[in-house]
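S.K.:
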Amino acid sequence: DSGVTQTPKHLITATGQRVTLRCSPRSGDLSVYWYQQSLDQGLQFLIQYYNGEERAKGNILERFSAQQFPDLHSELNLSSLELGDSALYFCASSVESHSDQPQHFGDGTRLSIL
Amino acid sequence: AQKVTQAQTEISVVEKEDVTLDCVYETRDTTYYLFWYKQPPSGELVFLIRRNSFDEQNEISGRYSWNFQKSTSSFNFTITASQVVDSAVYFCALSEAGGGADGLTFGKGTHLIIQP
Chain R
0 DSGVTQTPKH LITATGQRVT LRCSPRSGDL SVYWYQQSLD QGLQFLIQYY
50 NGEERAKGNI LERFSAQQFP DLHSELNLSS LELGDSALYF CASSVESHSD
100 QPQHFGDGTR LSIL
Chain H
19 AQKVTQAQTE ISVVEKEDVT LDCVYETRDT TYYLFWYKQP PSGELVFLIR
69 RNSFDEQNEI SGRYSWNFQK STSSFNFTIT ASQVVDSAVY FCALSEAGGG
119 ADGLTFGKGT HLIIQP
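So the sequences go chain by chain: R and H.
Start counting the first sequence at 0; every next residue gets the next number (my numbering).
Start counting the second sequence at 19; every next residue gets the next number (my numbering).
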């Protein structure tokens with residue numbers, strides 16, 4: 000158990016809809032990362048937050064947004080969903096916001112777009 | 019831009035054999051960090067090891083060992099006396115100290131199948 004909690008585990012929705020994925024980092028971790036894992040793109044970094052502030056952006060679509068709240072949990076919002084958004088979405092956390100920090104991953108949220 | 023290549027898409031061996039998973043990386047930074055993660059069939063990603071670019075010492079942890087060679091930009095992972103429980107997808111990943119983004123760049127992964 001990594002200590003990172005993601006909810007829900009599975010999500011099934013339709014094209015055009017909007018969903019919110021939630022992540023609680025490990026106790027004491029200030030940095031949260033979001034990744035997308037799909038068959039064609041592999042594991043891709045989306046966005047990072049550190050202590051409530053956006054720290055870095057990766058390959059995140061404009062339809063996607065995220066935030067980190069004062070209690071350090073984070074939410075990833077996906078809107079105008081398309082079939083290609085079907086993927087496993089991971090949240091990871093680390094103590095600080097440095098590239099040498101190991102990131103500890105949650106179990107992921109599997110999103111299926113019908 | 020950074021890149022990680024895991025050329026072996028799938029490896030299948032019989033239990034108790036040794037197996038090496040290859041990882042080749044590209045980066046312009048002189049300071050960077052390399053990681054290995056394991057993704058078992060249950061789907062979670064498990065952190066295995068971190069190595070920084072200034073430490074070329076090989077590391078051994080039980081049946082696992084890692085060989086880091088800057089000269090060939092490789093960070094290979096060997097499992098000795100493999101077991102069925104080692105069956106998983108293994109990912110090599112890279113982060114750069116000066117890249118501005120602290121997200122990991124992952125390789126495509128190697129699916130390791132250990133047959134009993």
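Backbone N, C-alpha and C define an ideal beta-carbon position, used for all residues, glycine too.
#1: Strictly by DSSP, which residues pair up with ASN76/R?
#2: In the DSSP output, what is HIS97/R paired with across the bridge?
#3: Could you check whether the segment 87-98 of chain H touches the segment 35-49 of chain H, counting it as contact only if at least three pairs of C-beta atoms, one from each stretch, sit closer than 8 Å?
#4: Can you find the residues in the same chain that come closer than 7 Å, C-beta to C-beta, to GLN26/H, ignoring five residues on each side of it along the sequence?
#5: Let me check one thing: in DSSP terms, what residues is LYS21/H bridge-paired to?
#6: First and last residue of the beta strand (DSSP E) that includes ARG68/H?
#7: So the candidates are ASP84/R, GLN43/R, PHE89/R and ASP39/R; which of them puts its Cα closest to the Cα of CYS22/R?
#8: On the DSSP bridge assignment, give the partners of GLN40/R in chain order.
#9: Looking only at its own chain, which residues have a Cβ that is under 7 Å from the Cβ of PHE124/H, when we skip the five neighbours before and after it?
#10: Our contact map puts SER71/H next to TYR50/H with C-beta atoms below 8 Å; I'd like the distance itself, whole angstroms only.
#11: Looking only at C-alpha atoms, which of GLN66/R, PHE104/R, GLU81/R and GLU53/R sits nearest to LEU75/R?
#12: Would you identify the three-state DSSP class for SER111/R, choosing helix, strand or coil?
#13: Going straight from the alpha carbon of ALA91/R to that of VAL18/R, what length do you get?
#14: Pull up the distance between the alpha-carbon of LEU122/H and that of GLN100/R, whole angstroms please.
#15: Suppose you measure from the CA of ASN58/R to the CA of GLN43/R; what does that come to, to the nearest Å?
#16: In chain H, what lies closer than 7 Å to HIS103/R by C-beta?
#17: Which value, in whole angstroms, describes the spacing of the CA atoms of LEU60/R and GLU35/H?
#18: Step through the CB atoms of chain R and report whether any lies within less than 9 Å of the CB of ALA115/H.
#19: Between LYS56/R and the rest of its own chain, which residues show a CB-CB distance below 7 Å, the 5 nearest in sequence each way excluded?
M.R.: With the structure as the only source:
#1: THR19/R and SER64/R
#2: HIS97/R is not bridged to any residue.
#3: yes
#4: LEU39, ASP40 and THR128
#5: GLU44/H
#6: Membership of ARG68/H in the beta strand (DSSP E) is indicated by the continuous run 64-70.
#7: Of the candidates ASP84/R, GLN43/R, PHE89/R and ASP39/R, the one whose C-alpha sits nearest the C-alpha of CYS22/R is PHE89/R.
#8: None; GLN40/R has no bridge partner.
#9: Excluding positions up to five away in sequence, the list reads VAL22, PHE109 and ALA111.
#10: 5 Å
#11: Closest by alpha carbon: GLN66/R.
#12: strand
#13: 19 Å
#14: 10 Å
#15: Going by the C-alpha atoms only, they are around 7 Å apart.
#16: PHE65
#17: 43 Å
#18: yes
#19: ILE46
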